[in-house]
Amino acid sequence: MSIDKNLVLKAMESVLPNPASLHEPSFIGNEWKYVKECIDSGWVSSAGGYVEKFEEQLTSICESKYVIATVTGTAALHAALALAGVESENEVLCPNLTFVASANAIVQLGATPHFIDCQNSTLSIDPLKLEEHLSFSAKVEQNKCYNIKTGRKISALICVHTFGHPAELDQIFDVCEKYSLVLIEDAAEALGSRYKTRHVGSHGKLSVISFNGNKTVTTGGGGAILTNDEDLAKLARHITTTAKLPHPWEYRHDMPAYNYRMPNINAALGCAQLENLPLFLINKRNLAEAYNNAFKSVNGLKFFTEPKFAESNYWLNTLILDQENAEEKDSILNSINEKKFSSRPAWTPMHKLPMFENCPRMDVSESENLYARIINLPSSAHLWEAP
Ligand SMILES: *Cc1c(COP(=O)(O)O)cnc(C)c1O
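Be aware that the sequence shown starts at 0, since it is given in numbering that gives the first Met the number 0, and climbs by one per residue.
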């Protein structure tokens with residue numbers, strides 16, 4: 000059955016009384032106060048108390064032992080991959096349906112992304128398909144995994160929690176163990192999301208979060224590395240601050256490193272934002288529920304809801320068109336956007352991007368199929384207001 004576009008618009012209008020962008024920050028707390036404090040005190044950059052405070056708040060929210068704040072989520076991912084031991088000429092497994100930053104970070108280390116298919120129950124890596132793929136395309140020798148065809152070492156796997164919805168972490172972790180792959184969680188979109196009873200980010204040896212302007216919590220631009228490993232945390236701090244050795248005045252550095260530390264003024268914004276995270280999460284769940292109810296009466300599509308084992312932050316709300324309606328995606332996107340409800344397709348699958356089209360990949364038909372059917376809806380936390 001084809002989709003009645005008027006019903007789609009009606010459902011949208013029943014949830015959103017006004018035009019809305021895809022995702023905007025909500026500044027309703029101490030943002031101005033804390034940022035002004037930075038400027039008044041002169042501590043806007045690499046010193047001042049907010050970075051440590053921001054990291055402390057994140058440690059408790061993410062239930063991670065160590066948190067290192069960075070300039071962007073991409074920088075966090077780049078550093079995390081380096082800390083995981085990814086070297087040039089390696090391959091890193093990466094979902095085919097993700098934001099381009101996941102794959103870019105791999106290339107930044109001179110390594111090659113190797114694309115993995117996704118599943119429709121989580122929109123993230125399909126663990127069964129992953130394992131099947133590795134069973135005939137990879138071999139493990141002395142605790143190292145190799146791509147049989149290219150001969151390259153496969154050193155790590157990036158697991159993305161797509162649109163904030165947790166992936167099948169236990170199963171993906173098991174496959175990583177079996178094939179000696181370091182698991183890195185790209186939880187850029189998933190602040191506040193829980194897998195079973197825990198916040199996402201503790202299955203990976205290292206995990207990252209983004210605080211870009213379009214994420215649930217923003218620092219303007221920013222990111223964080225999470226880990227429970229003390230040595231890795233120390234090294235993370237070191238390589239994100241030019242590997243400078245402590246000394247009252249000498250400039251001594253003991254390895255090539257990055258300038259990736261989050262500035263104090265960004266952390267100030269983040270501290271204020273985190274104070275309202277519980278409210279953002281409640282509002283986002285309510286908004287998702289309102290969409291879910293509104294779209295129940297529209298034939299030919301489904302509103303995506305969190306997997307049973309998870310509690311999602313619903314970073315981006317997602318409609319999935321039924322298979323037979325995939326061709327109507329663009330015209331539905333058109334009619335929703337015309338009404339100033341800013342809606343977007345999913346990211347172009349990685350293997351369709353010119354710089355990645357020759358990278359190794361498995362059969363990625365499900366991610367293509369999902370891309371053909373996904374429509375993301377306005378999702379800012381302030382869009383939902385208590386009736
Ligand atoms: C936003 C995002 C990133 C990158 O974060 P930035 O802070 O924008 O650099 C990485 N991966 C995913 C899945 C993202 O959504």
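Note that beta-carbon positions come from the ideal geometry of N, C-alpha and C, so glycine has one too.
None of the values given here were measured: they were computed from a predicted structure.
Close Cβ partners of residue i (< 6 Å) along its chain, the five nearest in sequence each way excluded
| i | result |
| --- | --- |
| Leu190 | Ile208, Thr215, Val216 |
| Trp314 | Phe162, Gly163, Glu188, Thr215 |
| His427 | Beyond the ends of the chain as shown, which are 0 and 386, falls residue 427; an answer cannot be given. |
| Val66 | Glu54, Leu57, Thr58, Ala223, Leu225 |
| Glu384 | none |
| Thr240 | Arg260 |
| Ser25 | Ala380, His381 |
| Leu133 | Tyr178 |
| Glu310 | Arg193 |
| Leu129 | Ile115, Val174 |
| Lys301 | Ile319 |
| Ser13 | Ala293 |
| His113 | Glu90, Leu92, Pro359 |
| Ala325 | Ala371, Arg372 |
Beta carbon proximity, residue i to chain B, threshold 9 Å
| i | result |
| --- | --- |
| Gly84 | No chain B is present in this structure, which holds just one protein chain. |
Limits of the alpha helix (DSSP H) - the one that residue i falls within
| i | result |
| --- | --- |
| Ile105 | 99–107 |
| Asp185 | Taken as a continuous stretch (DSSP letters only), Asp185 belongs to no alpha helix (DSSP H), being part of the beta strand (DSSP E) at 181–185. |
| Ala79 | 72–82 |
| Leu352 | It is not in any alpha helix (DSSP H) - Leu352 carries neither H nor E in the DSSP assignment. |
| Lys233 | 229–238 |
Where the beta strand (DSSP E) containing residue i begins and where it ends
| i | result |
| --- | --- |
| Tyr49 | Not the beta strand (DSSP E): Tyr49 falls in the alpha helix (DSSP H), residues 49–61. |
| His113 | 111–115 |
| Pro126 | From DSSP, Pro126 is part of no beta strand (DSSP E) but of the alpha helix (DSSP H) over 126–136. |
| Lys143 | 143–146 |
| Glu90 | 90–94 |
| Ile373 | 373–376 |
| Ala46 | First-last for Ala46: undefined, no H or E at that position. |
| Lys152 | 152–159 |
| Ala380 | Here Ala380 belongs to no beta strand (DSSP E), and DSSP marks it neither H nor E. |
| Leu225 | 222–226 |
| Thr69 | 65–69 |
Any non-hydrogen atom of ligand 3 closer than 8 Å to residue i Cβ
| i | result |
| --- | --- |
| Asn89 | Inclusion of ligand 3 in the displayed structure is not the case, the ligand content consisting of ligand 1 alone. |
Residues of its chain near residue i, where Cβ-Cβ distance is below 7 Å and the 5 sequence neighbours each way are ignored
| i | result |
| --- | --- |
| Glu367 | Pro348 |
| Ile124 | Pro94, Ile115, Cys117, Cys158, Ala166, Ile171 |
| Gln56 | Cys270, Leu273 |
| Ser136 | Asn146, Ile147, Lys148 |
| Gly219 | Gly212, Asn265, Leu268 |
| Glu356 | His350 |
| Leu332 | Ser342, Pro344, Ile374 |
| Asn336 | Ser342 |
| Ala389 | Residue 389 is absent from the structure shown; the chain starts at 0 and stops at 386. |
| Met354 | none |
| Val139 | Tyr178, Ser179 |
Sequence-distant residues of the same chain with beta carbon closer than 8 Å to residue i, five excluded per side
| i | result |
| --- | --- |
| Ile38 | Ile264 |
| Val43 | Cys37, Pro262, Asn263, Ile264 |
| Lys283 | Thr215, Asn312, Tyr313, Trp314, Ser378, Ala380, Trp383 |
| Phe340 | Met11, Leu15, Pro18, Ala19, Leu376, Pro377 |
| Ala46 | Asn263 |
| Ala81 | Leu108, Ile238 |
| Leu276 | Ile60, Leu190, Gly191, Thr215, Val216 |
| Tyr33 | Tyr49, Ala267, Leu268, Cys270, Ala271 |
(request) Kindly provide the ranges of any alpha helix (DSSP H) runs that are 4 or more residues long and lie completely inside the region 261–342, ordered along the chain. (result) 263–274, 276–294, 328–337
| In chain order, which continuous runs of the alpha helix (DSSP H) of length 4 or greater are located wholly inside the region 10–44? | 30–40
* Is the number of C-beta pairs between the region 242–258 and the region 221–230 that are closer than 8 Å three or more? -> They do not touch, by the three-pair rule.
- request: Only counting runs of 4 or more residues, tell me where the alpha helix (DSSP H) segments fall wholly within the region 162–208, in order along the chain.
  value: Residue ranges of uninterrupted alpha helix (DSSP H) with 4 or more members, entirely inside the region 162–208 and ordered along the chain, are 168–177.
>> For the pair the region 286–304 and the region 80–96, tell me if three or more CB-CB distances fall below 8 Å.
In response: no
*Would you be able to state if there are at least three C-beta pairs under 8 Å between the region 364–384 and the region 337–351?*
yes
- Task: Report yes or no: do three or more beta-carbon pairs, one from the region 227–246 and one from the region 9–24, lie closer than 8 Å?
- Result: no
(request) Inspect the CB distances between the region 95–112 and the region 67–75 and report whether three or more fall short of 8 Å. (result) yes
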